[in-house]
Each structure stands twice: as C-alpha cells, then as structure tokens.
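Structure first, then comments.
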RNA sequence: AUUAUUCUUGUA
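As structure tokens, this is what we get:
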C-alpha cells in the first residue's frame, strides 16, 4: 500500500492527475484498503483537478469506510474548498474538525487564514490569528505571508507593511514570497519608490528577482507614469537571467503609447519581434 | 514520515 501511495503522490506532484486518479481506481479494484495517506493524496489530486465535489465525495467515502480523517486530510480538503471559492464550506469543515477532536495545527491555521484573505475576510482572518496565537502557535513565514497577501488584496498595504516590521521584530526571516507580496502591493498603489526600495532590500538579501516580479515592477513603473524607468528595467533584467516576454513588451509598449511615444512603441515592437518574441 | 499551507505579472 505504501508503494501505491508513493506512486499516487508522485503522479499527483508531477501533474499526471488523470493517471493518478486511475491508479486509485486500480488500487481499489485490487482489493487494497486505502488508508489516510491514500485518501489525502487522492483528495488533493482530485481537488487540484477542479473537482471539489468529487473530493468531498471521497471524503465521505473515507469516513464511511471507517477511516478517520486526520489533520492532514482535513487540512487538504479545507484548502481545496477555499481554493475553489467555497470559504464558507471550508470554514464549516474547519469547525467540524475541531468538534471531532482533531486538533488543527499551524498548517491548518495557515490554510484557513490564507483562504479568508483571498475571500476578502480579513476581520475573520485576524480573529483566527488571535485564536491561533492563544493556542500557543507562533506565526511562521507562511502565516505572515498569508496575512500580508490578504491585506494587500484588501488594499491595506500599510497594514501589510506594519506586519512586515513585526515580522522582522519577531525574527521571522522574510523570503522571496514576502517581497513579492509587498512589492506587488506597493506597485498596485503606484507607490513605486517604496517598491523600488524593497526591491533593493530584497536583492541585498541575495534573493534573485524572477520574470514575474520584473513584470510587476515594470507595470508599476509604467502605471505611475515612469515608462522610461520601466524600459530601463526591461534592459537590466537580462543581467538577472530574465528574458523579457510578451507580457513585458506589451506592458512597456502600452506605457509608451499612453504617453504618446508612438515612435518608441513601434521601435520596441520591432525589437520584440527581432528578438524572437511573437505578439499575442 | 509515502501526504496538507503563502506570492503568479500585461489588455479594451
């Protein structure tokens, strides 16, 4: 069974979702009894295929088969439900798990906090954070990132920055994702100078910017009316091994157009094609 | 310990 579970997990991780799901059918056909690991893997796989209802059916089947869901299975399904936009059902399941005596751990709390943030329910997220702390859990980098991203989505970038400071004070080390979230939020609000400062701080910490972050920054600069700076950054990103893609070019071409710099826009369009990037 | 959690960019 462990072999099957391992294979199932590997297929799921590799994105071979169909095969994985078929493997589950095969396993049952062989008369093997799926355990918590099996169900967890398969619920996660089915959920990531966008079939949440199917995942819920599997969850029920699991319980009917006398297999008690553990903290992993609950957390997985809570995650899948909130990813599918059913934050209320995720919340109900979270409550059910507590009622069943299955203690949520830090991952479970992070999952629900992130789900609430995506649903725009930051008040609930803050309450849950308090509950979590009261139970003695310390916020980790994922907790902070989830909270900050929720705040960013709710246009509460200053609150996110405050949390960033708290994070530093608590000696929780910011990672690449932390910087992405904050830089995205600042760009969103056209606060490009602050975004730029954080970008520098990020690089001092030896994090390498990726294509997406460059695109976010370039779009931020263009939106803030600093197209030339955006263009400069587009030239510099190659030194980080990032090749401008169709999104980068569209962003800068659009920015140039907004400022009436049609000739520059045209030149860039030609350059883009010369560099082998085809317009979409 | 074979399993779960955070960021994913451009547009009319």
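Residue numbers (the working numbering): 32 to 311.
Quick reminder that beta carbons are idealized off the backbone N, C-alpha and C, glycines included.
Distance from the CA of residue 222 to the CA of residue 90, rounded to the nearest whole angstrom, comes to 45 Å. Here the C-alpha atom of residue 56 lies approximately 22 Å from the C-alpha atom of residue 101. By the C-beta criterion, the stretch 219-236 is judged to be in contact with the stretch 177-189, since at least 3 inter-stretch pairs fall below 8 Å. Under the 10 Å beta carbon count, residue 197 is surrounded by fewer than 16 other beta carbons and is classified as exposed.
Straight across, the Cα-Cα distance linking residue 115 with residue 194 is about 27 Å. Collapsing the DSSP output to three states places residue 221 in coil.
Around residue 159, the same chain offers 140, 143, 144 and 147 as residues with beta carbons nearer than 8 Å, after the five sequence neighbours per side are excluded. Positions of the alpha helix (DSSP H) runs, each at least 4 residues long and wholly inside the stretch 216-272, are given as 223-235, 242-254 and 258-267 in order along the chain.
Residue 292 sits in coil when the DSSP states are folded into three classes, being neither helix nor strand. Distance check between residue 306 and each of 125, 295, 288 and 277 places 277 closest, using alpha-carbon atoms only. Shown here, residue 156 sits in a helix according to DSSP, grouped into three states. DSSP places residue 166 outside any alpha helix (DSSP H), giving it a letter other than H or E. Here the C-alpha atom of residue 92 lies approximately 29 Å from the C-alpha atom of residue 150.
In this structure, the CA atom of residue 227 is about 42 Å from the CA atom of residue 71. With three or more CB-CB distances shorter than 8 Å, the stretch 281-289 counts as touching the stretch 257-265. With respect to the 8 Å criterion, residue 247 and residue 212 are not classified as neighbours on the basis of their beta carbons.
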